[in-house]
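Residue numbers (this note's numbering): 463 to 697. Take a look at the structure below.
So, in structure tokens, the structure goes:
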């Protein structure tokens, strides 16, 4: 009687929520050594406030116990915010950093991985996104140098989608530019003007324009740097 000699497939080990929190903390500490003191300060600060309130209402033990979950949530909130800032600092300055930041937009917008325009001499980039607010062109490079590349791409895009709103945004830390951390929010705030069907048609037309093959930096995804908040509560 033949026996099955194929080994059973190994089970994929599930990442626990506390592992995610620890990984986020380690990553953040490398870029922000003060994060430990901020997290501990918030935790013990909330606990101390709870103890004080408990003494004032003559229920110190009860209020102290109730304050501990709030202290944990407060500490995790601080860790999440500083982890996000650390993640952006890791990719800032790299070619394609703007596209990496835009990758945190989970719905409503389509951003191809490759830029639609590149200055081969300066490595300035332009990325294009399509959503119900129309087309947004994100320029990555010093202003006003990137302004010329953006305007050139705007004219090229307008020839294909006449009448569709085109918004130009410069990503960076210069005057009139949008920092990486605020870039996703700046795009999401654009007012919708197209229907879903019109948006799909715009995407179809722009696909024919193609893009430039250039990889996005393999840095830390700012979204993944945030600890899972449901996991923090043990769900």
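C-beta atoms are modelled at their ideal positions from N, C-alpha and C, and glycine is treated no differently. Values in this document were obtained by computation on a predicted structure and should not be read as measured data.
Cα-Cα, which of the options is closest to residue i?
i	options	result
residue 547	609, 495, 611 and 480	495
residue 613	485, 489, 588 and 592	588
residue 591	607, 526, 561 and 658	561
residue 627	661, 491, 516 and 492	661
residue 539	664, 581 and 486	486
residue 663	511, 597, 483 and 550	597
residue 542	528, 491, 527 and 579	491
residue 554	609, 645 and 658	645
residue 563	528, 535, 602 and 578	602
residue 580	499, 527 and 615	615
residue 551	657, 648, 658 and 643	643
residue 625	493, 572 and 656	656
residue 618	574, 647 and 578	578
residue 566	648, 481 and 479	648
Taking the beta strand (DSSP E) that residue i belongs to, which residues open and close that run?
i	result
residue 602	596-602
Taking the continuous alpha helix (DSSP H) assigned at residue i, which residues delimit it?
i	result
residue 519	Element bounds for residue 519: n/a, residue is neither H nor E.
Can you give me the Cβ contacts of residue i inside the same chain, cut-off strictly under 7 Å, excluding the 5 residues immediately before and after it?
i	result
residue 537	501, 504 and 505
residue 533	505, 508 and 509
residue 515	525
residue 607	584 and 586
residue 636	604 and 605
residue 521	none
residue 620	628
residue 639	605, 632 and 633
residue 641	635
My output table needs one value for residue i: the three-state DSSP class, helix, strand or coil.
i	result
residue 527	helix
residue 578	coil
residue 584	coil
residue 566	coil
residue 486	helix
residue 552	helix
residue 480	helix
What residues in its chain sit with their C-beta under 8 Å from that of residue i, if we drop five residues either side in the sequence?
i	result
residue 570	593, 594 and 650
residue 654	593, 594 and 595
residue 652	593, 595, 596, 598 and 629
residue 530	509 and 512
residue 610	none
residue 572	591, 592, 593 and 665
In its own chain, which residues sit with a C-beta less than 6 Å from the C-beta of residue i, not counting the 5 before and 5 after it?
i	result
residue 600	560, 589, 631 and 633
Quick one: complete alpha helix (DSSP H) runs, 4+ long, within the stretch 589-673? 607-620, 645-650 and 658-669
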